[in-house]
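A.B. asks:
Chains as they are written, first to last, in the numbering used here: chain A, 1119 to 1226; chain B, 3 to 335.
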């Protein structure tokens, strides 16, 4: 299946959802999106990192610089309570949107 | 909001550190990606080339991240600078403007509160704001659709977000007293759950129980405060007595305080015919009542639901109760 670029506005939702699985760094989040979507979705790094920093400034995620086993410095992101609330709201909105589109496509 | 302010303050305080951390972060990403490509069989040079291609350019990504932070910072900084400049240049005007704004907000809040009480009053029950009334409207006749029993039963069975659901209607009945006097009273025939919705405790005896709704149960009545005082002389031994309500002989099982008023009807006395409760009230005794929030429903939708689940009421309410449930339903959210 060809990889699909994310629809505008959906990247934040996916990042927040991935972080419900546990704290992760940017590369891990990107990998998770690829894995869970079975290579169907591709979060380009050019949009992933600005999105992560935007989410942090919004208070939806918090981050901390850590040092990995092989002495590399990585920033690990985790979901905040505000981010969890936002995820709940955006999930409901997205489900409603997706259902509406599906209904139209299946009409007739 | 607090989380956002903290995040913003941290971002400002650590602006320089974050800039170098972004470089570390992207380098980490690049190295992880190279390792992943190597693990899949690519040569180190090819892996690096692919990783850089996928990353979309390190410099561009760094610039995009800085832009995000700069937009945030510049917006607030710009607003703050402008505010301070205005205070310095026009202190009187700024103070007057701020005060006017504060007063306007206060007046607006007070007006909203006042009109809210008038237009959407809360019921005088515990958590009265959480009680709403549902009425079925028939747009074809611009009037109430009173055949909502099946909908009521479906709502009661399926609703997950409400605490309880009750239904009632008001009818006129003749109350025949012991000395053969006949007093016309307004009776509210309700489901037992209506008392749970309002959380009204009886002044004496008990309110209605679910068992009173069962087929074959004896007819019972809960007296309202006004009728208990006027028609029964406030006698404490009224519990257990039988009274004639229309053509039905009912047993008084309780009495409740005068404050139980429903939807603008006169103040009530409780009376239950077979498996229903009535809430009769002395005629002409006034009582403004409180009209709770209403939600109007499309009656045709109700009928369709009714047809899909036809017959679901059997065994739940007796015939009298079925009639009683047809008027209105009050729910506690």
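Every residue, glycine too, gets a C-beta built ideally from N, C-alpha and C. Please read these numbers as outputs of a predicted model, since none were measured by experiment.
Alpha carbon to alpha carbon, how far is residue 22/B from residue 1203/A?
C.D. replies: One-based indexing of the second chain puts residue 22/B at position 20. One-based indexing of the first chain puts residue 1203/A at position 85. Near 31 Å, if we compare the C-alpha coordinates of residue 1203/A and residue 22/B.
A.B. asks: Along chain B, which residues have their Cβ under 8 Å away from the Cβ of residue 1164/A?
C.D. replies: Locating residue 1164/A in the first chain gives position 46, where the first residue counts as 1. Within 8 Å Cβ-Cβ: 57, 58, 59, 62, 63 and 66.
A.B. asks: Beta carbon of residue 257/B, beta carbon of residue 224/B: below 8 Å?
C.D. replies: Counting from 1 along the second chain, the entry for residue 257/B is found at position 255. Counting from 1 along the second chain, the entry for residue 224/B is found at position 222. Yes, these two residues count as a Cβ contact at 8 Å.
A.B. asks: Please classify residue 143/B: is it buried, with 16 or more other beta-carbons within 10 angstroms of its beta-carbon, or exposed?
C.D. replies: What you label residue 143/B is simply residue 141 of the second chain in a count that begins at 1. It is exposed - the Cβ of residue 143/B has fewer than 16 other Cβ atoms within 10 Å.
A.B. asks: Could you give the C-beta distance for residue 1196/A and residue 1179/A, rounded to a whole number, given that I count them as a contact under 8 Å?
C.D. replies: In the first chain, residue 1196/A corresponds to position 78, counting from 1. In the first chain, residue 1179/A corresponds to position 61, counting from 1. Confirmed, Cβ separation roughly 7 Å.
A.B. asks: Does the separation of the CB atoms of residue 1164/A and residue 58/B fall below 8 Å?
C.D. replies: Position 46 of the first chain, counting from 1, holds the residue named residue 1164/A. Position 56 of the second chain, counting from 1, holds the residue named residue 58/B. It is a contact, given that the beta carbons lie within the stated cut-off.
A.B. asks: Compare the Cα-Cα distances from residue 68/B to each of 19/B, 49/B and 97/B and report the closest residue.
C.D. replies: Start at 1 with the first residue of the second chain, and residue 68/B comes out as number 66. Here the closest residue by C-alpha is 19/B.
A.B. asks: Do the stretch 151–161 of chain B and the stretch 172–181 of chain B meet, that is, are 3 or more Cβ pairs less than 8 Å apart?
C.D. replies: Short answer: they don't touch.
A.B. asks: What are the complete beta strand (DSSP E) segments, minimum 3 residues, inside the stretch 148–185 of chain B?
C.D. replies: Complete beta strand (DSSP E) runs here, min 3: 166–178.
A.B. asks: Quick check: what's the CA-CA separation for residue 198/B versus residue 72/B?
C.D. replies: As a working mapping, residue 198/B is identified with position 196 in the second chain. As a working mapping, residue 72/B is identified with position 70 in the second chain. Cα to Cα, the separation comes out at about 57 Å.
A.B. asks: In three-state terms, what does DSSP make of residue 202/B?
C.D. replies: Here the question's residue 202/B lines up with position 200 in the second chain. In the structure shown, residue 202/B sits in coil (DSSP, three-state: anything other than H, G, I, E or B).
A.B. asks: Against chain A, with Cβ distances strictly below 8 Å, would residue 71/B count as a contact?
C.D. replies: By one-based count along the second chain, residue 71/B stands at place 69. At least one chain A Cβ lies under 8 Å of residue 71/B.
A.B. asks: For residue 1177/A, does the count of other Cβ atoms within 10 angstroms reach 16, so buried, or fall short, so exposed?
C.D. replies: What you label residue 1177/A is simply residue 59 of the first chain in a count that begins at 1. Classification for residue 1177/A: buried.
A.B. asks: Mind listing, in chain order, the continuous beta strand (DSSP E) runs of no fewer than 3 residues lying wholly within the stretch 200–262 of chain B?
C.D. replies: Whole beta strand (DSSP E) segments, 3+ residues: 204–207, 222–225, 244–247 and 250–258.
A.B. asks: So, does the CB of residue 1214/A fall closer than 8 Å to a CB anywhere in chain B?
C.D. replies: As a position in the first chain, residue 1214/A is number 96, starting the count at 1. Judged by the 8 Å Cβ criterion, residue 1214/A is not in contact with chain B.
A.B. asks: Is residue 1182/A helix, strand or coil by DSSP?
C.D. replies: As a working mapping, residue 1182/A is identified with position 64 in the first chain. Reduced to three states, the DSSP call for residue 1182/A is strand.
A.B. asks: Using 8 Å as the limit for Cβ to Cβ distance, is residue 1175/A near chain B?
C.D. replies: Looking up residue 1175/A in the first chain gives position 57. Closer than 8 Å: yes.
A.B. asks: Taking buried to mean at least 16 other C-beta atoms within 10 Å of its own C-beta, is residue 1221/A buried or exposed?
C.D. replies: For the purposes of this step, residue 1221/A is identified with residue 103 of the first chain, where counting begins at 1. Classification of residue 1221/A: exposed, given that the 10 Å Cβ count is below 16.
A.B. asks: Could you tell me whether any Cβ in chain A is nearer than 8 Å to the Cβ of residue 31/B?
C.D. replies: Here residue 31/B refers to the residue found at position 29 when the second chain is read from its first residue. Yes, because at least one Cβ of chain A sits closer than 8 Å to the Cβ of residue 31/B.
A.B. asks: Would you please verify whether the beta carbon of residue 1192/A is less than 8 Å from any beta carbon of chain B?
C.D. replies: Start at 1 with the first residue of the first chain, and residue 1192/A comes out as number 74. So yes, residue 1192/A belongs to the interface.
A.B. asks: Which same chain residues, not among the five before or five after residue 46/B, have their C-beta less than 8 Å away from its C-beta?
C.D. replies: Numbered from 1 along the second chain, position 44 holds the residue referred to as residue 46/B. Closer than 8 Å at Cβ, skipping near neighbours: 36 and 40.
A.B. asks: Counting only runs that start and end within the stretch 1147–1208 of chain A, where is the alpha helix (DSSP H) found for 4 or more residues in a row?
C.D. replies: Here the runs fully enclosed are 1163–1176.
A.B. asks: Among 191/B, 63/B, 90/B and 196/B, whose alpha-carbon lies nearest the alpha-carbon of residue 127/B?
C.D. replies: As a working mapping, residue 127/B is identified with position 125 in the second chain. Comparing Cα-Cα distances from residue 127/B to each of 191/B, 63/B, 90/B and 196/B, the minimum goes to 196/B.
A.B. asks: Report the partner residues of residue 51/B according to the DSSP bridge assignment.
C.D. replies: Within the second chain, the letter at position 49 stands for residue 51/B. None, per the DSSP bridge assignment.
A.B. asks: Among the candidates 209/B, 188/B and 204/B, whose CA atom is the shortest distance from the CA of residue 229/B?
C.D. replies: The count along the second chain starts at 1 and reaches residue 229/B at position 227. Of the listed residues, the one whose Cα sits closest to residue 229/B is 188/B.
A.B. asks: From the DSSP output, in three-state form, read off residue 192/B for me.
C.D. replies: Counting from 1 along the second chain, the entry for residue 192/B is found at position 190. In the structure shown, residue 192/B sits in a strand (DSSP, three-state: E or B).
A.B. asks: Which term fits residue 1148/A, buried or exposed, when burial requires 16 or more other beta carbons within 10 angstroms of its beta carbon?
C.D. replies: Locating residue 1148/A in the first chain gives position 30, counting from the first residue. Looking at its Cβ environment, which holds 16 or more other Cβ atoms inside 10 Å, residue 1148/A is buried.
A.B. asks: What's the gap between the Cα of residue 175/B and the Cα of residue 159/B?
C.D. replies: As a position in the second chain, residue 175/B is number 173, starting the count at 1. As a position in the second chain, residue 159/B is number 157, starting the count at 1. One C-alpha to the other measures close to 31 Å.
A.B. asks: Listed from N- to C-terminal order along the chain, which residues in the stretch 1141–1169 of chain A have their beta-carbon within a distance smaller than 9 Å of any beta-carbon of chain B?
C.D. replies: For the stretch 1141–1169 of chain A, which is checked against every Cβ of chain B, the residues closer than 9 Å are 1143, 1144, 1145, 1146, 1148, 1149, 1160, 1162, 1163, 1164, 1165, 1166, 1167, 1168 and 1169.
A.B. asks: List, in chain order, every chain B residue whose beta-carbon is nearer than 7 Å to that of residue 1172/A.
C.D. replies: Numbered from its first residue, the first chain carries residue 1172/A at position 54. In chain order: 70.
A.B. asks: When you compare the CB positions of residue 1214/A and residue 30/B, do they come within less than 8 Å of one another, or not?
C.D. replies: Looking up residue 1214/A in the first chain gives position 96. Looking up residue 30/B in the second chain gives position 28. Contact flag unset, no.
A.B. asks: Quick one: is residue 290/B buried, meaning 16 or more other Cβ sit within 10 Å of its Cβ, or exposed?
C.D. replies: The residue given as residue 290/B occupies position 288 in the second chain. For residue 290/B, the predicted structure reports a pLDDT of 27, less than 50, and the residue's modelled location is therefore unreliable. A value from the coordinates is still provided. Its Cβ having fewer than 16 others within 10 Å, residue 290/B is exposed.
A.B. asks: By alpha-carbon positions, which one of 146/B, 232/B, 192/B and 164/B ends up nearest to residue 184/B?
C.D. replies: Reading the second chain from its first residue, position 182 is the one you call residue 184/B. Measuring from the Cα of residue 184/B, the nearest candidate turns out to be 232/B.
A.B. asks: CA-CA distance, residue 136/B and residue 145/B?
C.D. replies: The residue labelled residue 136/B in the question sits at position 134 within the second chain. The residue labelled residue 145/B in the question sits at position 143 within the second chain. Cα to Cα, the separation comes out at about 14 Å.
A.B. asks: Could you work out which residues of chain A lie near residue 34/B, taking near to mean beta carbons separated by less than 7 Å?
C.D. replies: Against the second chain, residue 34/B aligns to sequence position 32. Here the neighbours are 1145.
A.B. asks: Does DSSP put residue 42/B in a helix, a strand or coil?
C.D. replies: Position 40 of the second chain, counted from the start, is the residue given in the question as residue 42/B. Looking at residue 42/B - three-state DSSP - the assignment turns out to be coil, as it is neither helix nor strand.
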